[in-house]
Amino acid sequence: MSQTFTVVAEPREDFGKNAAHRTRAAGRIPGIVYGGGGPVIPVSVDPAGIREILHSESGHNAIFMLEVRGKAPARAMVRDWQVEPIRGGLLHVDLVRIALDAKLKLQVAIHVTGEPKGVKVDGGVFEFMLRELEVECLPDDIPDGITVDVSGLALNQNLRVSELPVGPKVKVLTDANRIVAHVVPPRAEEEVKPAAETAEATPAEPEVIRKGKAEEEGAEAEGGEEKKEKGEKKEKSEKKDKGK
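Quick note on this note's numbering: the sequence shown kicks off at -15 and runs consecutively.
Here it is as structure tokens:
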């Protein structure tokens, strides 16, 4: 483990929602300590120290010294935590004591480096499938993470769990055949015109019908005027003949 942390906790005697609100208003967060053969102790801690641990290289796998007032110091880890959904502030934390001679089962992050040959040369697509590995080991052997170079990964090649560089003191519990990452051919993109463009390109049928109807009505109106004019001329001619 690359960093050493110390968390100082104060025992809590008040419980419930109102007590938790008062704890947070005072700049601390409620928590609980358990495990390691010791009693369960409700505590309050400084959230800044917990955030520092969670954002460290080891993250929630970091082992730190836990000092609870009135109790002997113990090695501990963050087992669980609650975060405010909107602002992201810490609301509660669970701390578990650990024994140096007892193995732990935990998730370790997988990191990749390099640009795969299948992407750089053949234009493939790199897909990172598995980002955490379940392992079992003693507390002092917990790795900060598992880093693998994928530069040699060619097109249509896979990187499996069995190929990850894991130390001899770490037992891998994840299936050895699971795919961690691979390089696949680029997917063909189909050009599909949006419905809006199709609607603009093809005029709506009702508009054509209305337009045709209007033209027909105009033609009928012009024909009616022409018939009316001919009728008036014929009537005048007949009156003139009668006068003769």
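Don't be surprised by glycine CBs; every beta carbon is placed ideally from N, CA and C.
Please report the distance separating the alpha-carbon of residue i from that of residue j.
| i | j | result |
| --- | --- | --- |
| E(-6) | D106 | 59 Å |
| G20 | T158 | 26 Å |
| T(-12) | L79 | 16 Å |
| R(-4) | A46 | 24 Å |
| Q91 | V168 | 27 Å |
| S135 | G33 | 37 Å |
| T(-10) | L148 | 32 Å |
| P123 | L38 | 17 Å |
| T7 | Q66 | 15 Å |
| R35 | G43 | 9 Å |
| P26 | V52 | 10 Å |
| I82 | K155 | 18 Å |
| A138 | L88 | 36 Å |
| V(-8) | H76 | 15 Å |
Pull up the DSSP beta-bridge partners for residue i, would you.
| i | result |
| --- | --- |
| T(-10) | M49 |
| F110 | V167 |
| A93 | E116 |
| H76 | Q66 |
| R81 | A60 |
| P100 | BP columns for P100 are empty, so no partner. |
| V156 | V119 |
| P(-5) | V27 |
| R144 | I163 |
| T7 | Answer is none; T7 lacks a bridge partner. |
If we count the other Cβ atoms within 10 Å of its Cβ and call it buried at 16 or more, is residue i buried or exposed?
| i | result |
| --- | --- |
| L84 | exposed |
| K197 | Bear in mind that a pLDDT of 45 at K197, under 50, signals an unreliable position, so the number given afterwards is only what the model happens to contain. It is exposed - the Cβ of K197 has fewer than 16 other Cβ atoms within 10 Å. |
| F(-1) | exposed |
| P127 | buried |
| A160 | exposed |
| M49 | exposed |
| S146 | exposed |
| I70 | exposed |
| G108 | buried |
| P57 | exposed |
| T182 | Only weak support exists for where T182 lies, its pLDDT of 49 falling under 50; the coordinates are left without a value. |
| A60 | buried |
| P152 | exposed |
| V119 | buried |
| P170 | exposed |
If we require 3 or more residues per run, which beta strand (DSSP E) segments fall completely within the region 11 to 70? 13 to 18, 25 to 29, 48 to 52, 58 to 67
Inter-stretch contact (C-beta, 8 Å, three-pair minimum) for the region 93 to 113 and the region 11 to 18: no
Report yes or no: do three or more beta-carbon pairs, one from the region 110 to 118 and one from the region 150 to 164, lie closer than 8 Å? yes
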